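Asks: Handing you a structure now.
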Amino acid sequence: MNSVTADDYAWIRTSPFFRHAQEVGYTLTLIRGRTPDEVLRAAGAEPRGRGEGTDGLIDAENAHRDESDDLWDESYVVGAFSAAGAGGDWTLVLGYDGGLGLGDACVEALSAGGRVVVHSTNGGKPIDLFQWYEDGVLRTVFEWPLWRDGSTPDALLPELREVGFPLTPEGEHDEDAPDVDGKAAVLALAERLTGVRLTESLLGDATYTLGLVPEQPAEEWSELIIDITDAYGERLHKKWTYEEVAAASERARRQANGPVVITHGEPPDRTPRTRD
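Numbering (our numbering), first residue to last: -6 to 269.
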């Protein structure tokens, strides 16, 4: 790993390309030991020719949107090219996909026998994710590194601190450390794990192999988690199982369908009633 820090990625805050990526949502995936064609086949992408630079990628995505008559269509165009990095060539995949990414199963498969690093944002009020896969396993994932998950959530603690995140050696918030541009620090972390230096010219001037990634089927879920931190640092973490959510929905449905009984001077009674 090298000594790159968030300061080496200060260019993203003056970059029209990166500002666009943040606004619409993007995913950037780095895969070791796979060619662009292999990656696009693994993603089930329909070939869409070549695109010159990020302008060509944006044009291809806009053309796809113009062709589609479904406002909720979550298929999208990605561009892929080879880049030199640690341990050989890597395939870089970029998509203006609202942070959807290639899908967990696809990325896990692509990381088998190798490494995959992903960072993304969903645009708007962003959710910014970082993911590191090694040999088919999600080793570390986080939105903000104070709350890490994965099979080895603390494996990158030294690198997280070195790129600029305000963390103690134990992974807690370091109140004495200076603030950091979190996205710039994530890009620096990605370079430490891949050896691929992302620059505006690398992304802006590359010839992309284009592919249309199909809409992914909805995944079954077993629980709902709300995990937010307010402006004062107060954290809300709440988990509901599928059964709890289903039961609450059924109670609400019964109450909504029940008769309304109004008694003078009293509020409406919406208690569900059954016929004898």
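Here a beta-carbon is modelled for each residue, glycine too, at the ideal position from N, C-alpha and C.
What you are looking at is a predicted structure, and each value in this text was computed from that prediction instead of being measured.
With distance defined between alpha-carbon atoms, name the residue in D142, G106, D121 and G117 nearest to D128.
Replies: Cα-wise, what sits closest to D128 is G106.
Asks: Count the other C-beta atoms from every protein chain shown that fall within 10 angstroms of the C-beta of A181, then say buried if there are 16 or more, exposed otherwise.
Replies: buried
Asks: Could you check the C-alpha separation between F158 and W125 for me, to the nearest Å?
Replies: In a straight line, the C-alpha of F158 is about 17 Å away from that of W125.
Asks: When you compare only the Cα positions, how much space is there between G42 and V156?
Replies: Near 37 Å, if we compare the C-alpha coordinates of V156 and G42.
Asks: Contact between the segment 47 to 56 and the segment 105 to 120 is defined here as three or more beta-carbon pairs at a separation below 8 Å; is this criterion met?
Replies: no
Asks: Since P9 is in the alpha helix (DSSP H), which residue starts that stretch and which ends it?
Replies: P9 to V17
Asks: Ignoring anything shorter than 3 residues, give me the beta strand (DSSP E) runs that lie fully in the segment 18 to 65, in order along the chain.
Replies: The segment 18 to 65 is shown to contain whole beta strand (DSSP E) runs of 3 or more residues at 19 to 25 and 39 to 45, in chain order.
Asks: Can you name the start and end residues of the alpha helix (DSSP H) that E101 belongs to?
Replies: D97 to L103
Asks: Looking at the unbroken alpha helix (DSSP H) that takes in L186, where does it start and where does it end?
Replies: G175 to T187
Asks: Under 8 Å, with one C-beta from each stretch per pair, do the segment 185 to 196 and the segment 76 to 83 reach the 3-pair mark?
Replies: yes
Asks: Here's a check: name, in chain order, each residue in its chain whose Cβ is nearer than 6 Å to the Cβ of Y89, leaving out the five neighbours to either side.
Replies: V17, Y19 and E54
Asks: Within its chain, find whatever has a CB closer than 6 Å to the CB of R154; leave out the 5 residues flanking it on each side and keep chain order.
Replies: L160
Asks: Could you work out which residue in D59, P138, L85 and R141 is closest to E31 when comparing CA atoms only?
Replies: L85
Asks: Might you give, ordered along the chain, the residues of its own chain that have their beta carbon closer than 7 Å to the beta carbon of L205, omitting 5 neighbours on each side?
Replies: A38, E39, R41, H57, S68 and V70
Asks: Under the assumption that L95 contacts A36 (Cβ atoms under 8 Å), give the Cβ distance between them as a whole number of angstroms.
Replies: The Cβ separation is near 5 Å, so the contact holds.
Asks: So, G197 versus G44, is the Cβ gap smaller than 8 Å?
Replies: No, Cβ-Cβ distance for G197 and G44 is not below 8 Å.
Asks: According to DSSP, D82 sits in a beta bridge with which residue or residues?
Replies: A77
Asks: On the DSSP letters alone, give me the boundaries of the alpha helix (DSSP H) that L191 sits inside.
Replies: L191 -> no alpha helix (DSSP H), and no H or E assigned at all.
Asks: For K231, tell me which candidate among E216, R244, A241 and L23 has the shortest Cα-Cα distance.
Replies: For the set E216, R244, A241 and L23, the Cα lying nearest the Cα of K231 is the one of E216.
Asks: Could you tell me the distance, in whole angstroms, from the CA atom of G26 to the CA atom of E227?
Replies: 42 Å
Asks: Put D269 into one of helix, strand or coil per three-state DSSP.
Replies: Because D269 carries a pLDDT of 49, less than 50, the predicted location of this residue cannot be relied on, and no value is offered for it.
Asks: So what's G204 in DSSP terms, helix, strand or just coil?
Replies: strand
Asks: Look up E216 in the DSSP assignment and give the residues it is bridged to.
Replies: Beta-bridge pairing links E216 to T234.
Asks: Output the distance between the C-alpha atoms of F74 and Y201, rounded to the nearest integer angstrom.
Replies: 5 Å
Asks: Can you grab the Cα-Cα spacing for the pair E152 / L50, in whole Å?
Replies: 32 Å
Asks: Tell me whether L122, by its Cβ, gets closer than 7 Å to a heavy atom of the ligand FMN.
Replies: Absence of the ligand FMN is noted for the structure shown, with no ligands found whatsoever.
Asks: Starting from L153, follow the alpha helix (DSSP H) in both directions and report where the run begins and ends.
Replies: Looking at the DSSP string, the run of the alpha helix (DSSP H) that includes L153 is L150 to V156.
Asks: For the putative contact between D66 and E208, defined by C-beta atoms under 8 Å, what is the C-beta separation to the nearest angstrom?
Replies: 6 Å
Asks: In the DSSP assignment, find the unbroken beta strand (DSSP E) run with E127 in it and report its ends.
Replies: In this chain, the beta strand (DSSP E) harbouring E127 covers D121 to E127.
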